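All remarks here apply to the structure that follows.
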């Protein structure tokens, strides 16, 4: 059950935006319009911005609390509309899809970091310490990116239950588990085991084979304003052995290459 965790992540996104646009306790320094633009990009905010403008008696925490309550209410209404069981399934699918795409991108970035980390020695820096430090920073960025993307998708993708539309005998093979249909409104609906996920207003979120292009998940990322963050395809690189016969063996045994894996 990811519901409580999703609400925590929503609160973290709001807290981050508040710290940027409301940097001080003084209302003269506040950028309420920009803050409301950011929040409206995630969900339709119902809190009136005018209630906080030009008021010295309002604290930053009050603005953040009001936005948090509004976002939680909106998420609860989406869950009520789709059904708790359906919403839990959508949370699981979106989370796993996001982890998958972001993790593959992270591994590719770590490959590039490892390829060039040896050059840090020319700057009198320990390459191992630099690799550990930057690798940890990149992992933290990975976690933050996953949280932000999951929140954006879950708040902006329309979800509805399709249990009533399922045939009595649901004999669907694993390869055909995800099917999609186009409604009269022009939007698309994808159904997977009794749930439909429809992005607003026309893009669809199809949980289908990763080999299909473009995937419904990537289309939903575009709809959620994440088009520029779509994970690139991972380039497969072949690493060839370039060790000389008298060089240390790349396997790490400490032996010379000719006396270890270079024997032939």
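Residue numbers (the numbering used here): 79 to 342.
Positions of the beta carbon are idealized from the N, C-alpha and C atoms, including for glycine.
Bear in mind that the values here come from a model prediction, so they are computed numbers and not experimental data.
Look at residue i and residue j and say whether their C-beta atoms are less than 8 Å apart.
i	j	result
residue 198	residue 208	yes
residue 114	residue 133	no
residue 226	residue 109	no
residue 228	residue 84	yes
residue 153	residue 233	yes
residue 224	residue 180	yes
residue 21	residue 324	Nothing in the structure corresponds to residue 21, since the chain is present only between 79 and 342.
residue 125	residue 145	yes
When the Cα atoms are used, what is the spatial distance from residue i to residue j?
i	j	result
residue 215	residue 95	21 Å
residue 196	residue 219	23 Å
residue 105	residue 150	25 Å
residue 202	residue 211	16 Å
residue 205	residue 117	41 Å
residue 183	residue 194	17 Å
residue 341	residue 190	31 Å
residue 162	residue 176	21 Å
residue 221	residue 121	22 Å
residue 112	residue 99	7 Å
residue 160	residue 235	12 Å
residue 158	residue 102	37 Å
residue 322	residue 231	51 Å
residue 243	residue 82	Confidence in residue 243 is poor, its pLDDT being 46 and thus under 50, which makes the residue's placement unreliable; the coordinate value appears in the next sentence. The straight-line gap from Cα to Cα measures roughly 29 Å.
residue 89	residue 131	22 Å
residue 339	residue 185	27 Å
residue 213	residue 142	33 Å
residue 87	residue 326	48 Å
residue 423	residue 147	Since the displayed the chain opens at 79 and closes at 342, residue 423 lies outside it and no answer follows.
residue 178	residue 156	25 Å
residue 129	residue 93	19 Å
residue 107	residue 119	22 Å
residue 174	residue 200	41 Å
residue 217	residue 188	10 Å
For the alpha helix (DSSP H) holding residue i, just list the boundary residues, first then last.
i	result
residue 209	205 to 234
residue 194	162 to 194
residue 88	81 to 99
residue 110	110 to 118
Is the CB of residue i under 8 Å away from at least one CB in chain B?
i	result
residue 341	No chain B appears in this structure, which consists of one protein chain only.
Is residue i near the ligand ADP, in the sense that its beta carbon is under 7 Å from a heavy atom of that ligand?
i	result
residue 149	This structure lacks the ligand ADP; in fact it carries no ligand of any kind.
Review point. Does the count of Cβ pairs from the stretch 132 to 139 and the stretch 160 to 172 closer than 8 Å reach three?
Key: no
Practice item. Only counting runs of 4 or more residues, tell me where the alpha helix (DSSP H) segments fall wholly within the stretch 130 to 166, in order along the chain. Key: 138 to 160
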